[in-house]
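Only one structure is covered here, and it is reproduced in the block below.
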Amino acid sequence: MPFPIKDHLPPGQPPSCACLQSPQGAHQSSSPPPLWCSGDIERPPGGARGGLPEVPPEVPPQSPARGLSFRCGAIGGAADMAIRYPMAVGLNKGYKVTKNVTKPRQCRRRGRLTKHTKFVRDMIREVCGFAPYERRAMELLKVSKDKRALKFIKKRVGTHIRAKRKREELSNVLAAMRKAAAKKD
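Under the numbering used here, think of the first position of the sequence shown as 4, with each following residue one higher.
If you want it as structure tokens, here you go:
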């Protein structure tokens, strides 16, 4: 197989290496062509390879495992990389950028109390009063039976978190009633 550098020459540029001028290639007989054989190809100044800059001649060729040398148009990987910001590893590595702050998605507002919902619930509470289980729980809270009230409410509403929330709500109602009674006296 002929050396693949022929495909990477500029248009109209004759190859000057002996292995590229022969039709079969001088290096084809025993081993693959060495990468240094493309080192003496003359190129016009200014980088006629599609605007790429001219590579200085002191750049060493790449290893045969990587394919073409630097001078044939292959672009090096590890030689161009450097430490980017204060640390090379860790949580703060990389290029420093400003955080793109996104507003929370609309589905995240589920369960949040709005002004309208609060108004409607207060109106219903004023008209209907408390449910029988809420009145019994308030009686338990009046005599400082908080744990018994929590167990009782949990049995009625189903979950521990909802029961704690309901107990807190009823405790606040009792505190407001006490404050109103103290203000009246």
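Note that beta-carbon positions come from the ideal geometry of N, C-alpha and C, so glycine has one too.
Item                                                                                                : Value
As assigned by DSSP and simplified to three states, the class of alanine 184                        : helix
Same chain, Cβ closer than 8 Å to valine 160, five either side skipped, listed in chain order       : Ala166 and Lys169
Three-state class that DSSP yields for leucine 153 in the structure shown                           : helix
Close beta carbons around leucine 143, own chain, < 6 Å, minus the five adjacent residues each side : Arg151 and Ala152
Phenylalanine 133 (DSSP reduced to helix, strand or coil)                                           : coil
C-alpha distance - tyrosine 136 paired with methionine 180, whole-angstrom precision                : 18 Å
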